[in-house]
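*Asks:*
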Amino acid sequence: MKLQIAVDIADTAKTLEIGRSVHDIVDIFEVGTPVLLKEGMAPVRALKKTWPDLTVLADSKIVDGGALECEDVCQAGADILTVLAMSDDETIREVVEVAHRYGRSVLADLICVRDITGRARELTALGVDYVCVHTGVDMQKRGRTPLLDLTELVQAIEPSRAAVAGGISMKTLPQYLSLQPGIIIAGCALYGAPDVRAAALEMKGAIRSWI
């Protein structure tokens with residue numbers, strides 16, 4: 055299981071500051087959608103320039119114009135990019151084709167998808183590398199978590215290709231570890247911690263000890 059930090063509230067300078075704290079701890083560094091909307095691909099380029107071996111995910115959430123959008127993200131240096139699972143199959147095919155041509159990976163975000171089993175299987179058949187269940191911030195405010203969705207996902211596809219995001223913290227982590235998804239994604243619990251490095255070390259240690 056890999057640990058991914060999802061940095062959603064930052065600019066390029068803050069992204070690099072967080073990167074300095076965790077680049078040697080986390081397996082994947084996600085530049086979140088709010089950061090991309092604010093800063094474009096600058097944080098992705100800066101991370102890859104500073105730490106070429108760091109796996110960087112750009113949460114691009116591509117939903118249309120698959121080939122062109124994907125080309126831009128790949129050229130910026132992202133190792134993994136995201137596409138919304140609700141997108142048309144042709145968009146997903148284009149994203150997969152372009153990303154794989156660049157040697158990149160594609161993660162499909164199932165946010166707002168109701169048929170998790172069916173769509174996850176379709177996505178893997180289309181060539182998507184990872185499928186992620188994701189409870190958005192607005193739904194988290196209502197007390198929802200991605201735990202039940204992850205339980206369904208790991209029964210539908212190979213667990214190593216499953217990812218989970220949505221309010222995961224040290225308190226809730228064991229529930230997710232027991233399902234053994236390929237990627238555990240934590241956001242504010244890490245980058246919002248008083249000591250970001252210590253928080254990342256604690257979570258990574260918990261994942262290693264579970265394995």
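Residue numbers (the numbering used here): 55 to 265. Think of the CB as a built atom: it goes at the ideal place given N, C-alpha and C, for glycine as much as any other residue. No experiment lies behind these values; they were computed from the predicted model shown.
Using DSSP with H/G/I as helix, E/B as strand and the rest coil, what is D126?
*Replies:* helix
*Asks:* If contact is defined by three or more beta carbon pairs under 8 angstroms, each pair taking one atom from either stretch, is the segment 88-99 in contact with the segment 58-70?
*Replies:* yes
*Asks:* Can you check whether the CB of L111 is closer than 8 angstroms to the CB of I82?
*Replies:* In contact: I82 and L111 (Cβ atoms closer than 8 angstroms).
*Asks:* Would you list the one or two residues that DSSP bridges to A243?
*Replies:* Per DSSP, none; premise fails for A243.
*Asks:* Assign I2 to one of two classes, buried (16 or more other C-beta atoms within 10 Å of its C-beta) or exposed (fewer than that).
*Replies:* Absent from the model: residue 2. The displayed extent of the chain is 55 to 265, so no value can be given.
*Asks:* Whole angstroms is fine: what's the gap from H154's alpha carbon to C242's?
*Replies:* 30 angstroms
*Asks:* Please determine whether the Cβ atom of T205 lies at a distance below 7 angstroms from any heavy atom of the ligand ATP.
*Replies:* The model on display carries no ligand, and the ligand ATP is accordingly not part of it.
*Asks:* Kindly indicate which residue of Y156, D143, W264 and L202 has the alpha-carbon position closest to the one of C124.
*Replies:* With distances taken between Cα atoms, C124 lies closest to Y156.
*Asks:* Give me whichever residues DSSP pairs with V61 in a beta bridge.
*Replies:* V85
*Asks:* Taking just the CA atoms, how far does Q129 sit from A247?
*Replies:* 32 angstroms
*Asks:* Among D65, S214, L244 and D249, which residue has its Cα nearest to the Cα of S232?
*Replies:* S214
*Asks:* Distance, Cα to Cα, G73 vs K115?
*Replies:* 22 angstroms
*Asks:* Would you kindly work out how many angstroms separate the C-alpha atoms of D107 and H77, rounded to a whole number?
*Replies:* 9 angstroms
*Asks:* Out of curiosity, what's the CA-to-CA distance linking T26 and L204?
*Replies:* This structure cannot speak to residue 26, because the chain is shown only from 55 to 265.
*Asks:* Classify H154 as helix, strand or coil using the three-state DSSP reduction.
*Replies:* helix
*Asks:* Where do the N-terminal and C-terminal ends of the alpha helix (DSSP H) with V167 fall, by residue?
*Replies:* For V167, there is no enclosing alpha helix (DSSP H), as DSSP marks it with neither H nor E.
*Asks:* Assign P113 to one of three DSSP states: helix, strand, or coil.
*Replies:* Correcting the residue identity first, residue 113 is Asp in this sequence and not Pro. Residue state, collapsed to three classes: strand.
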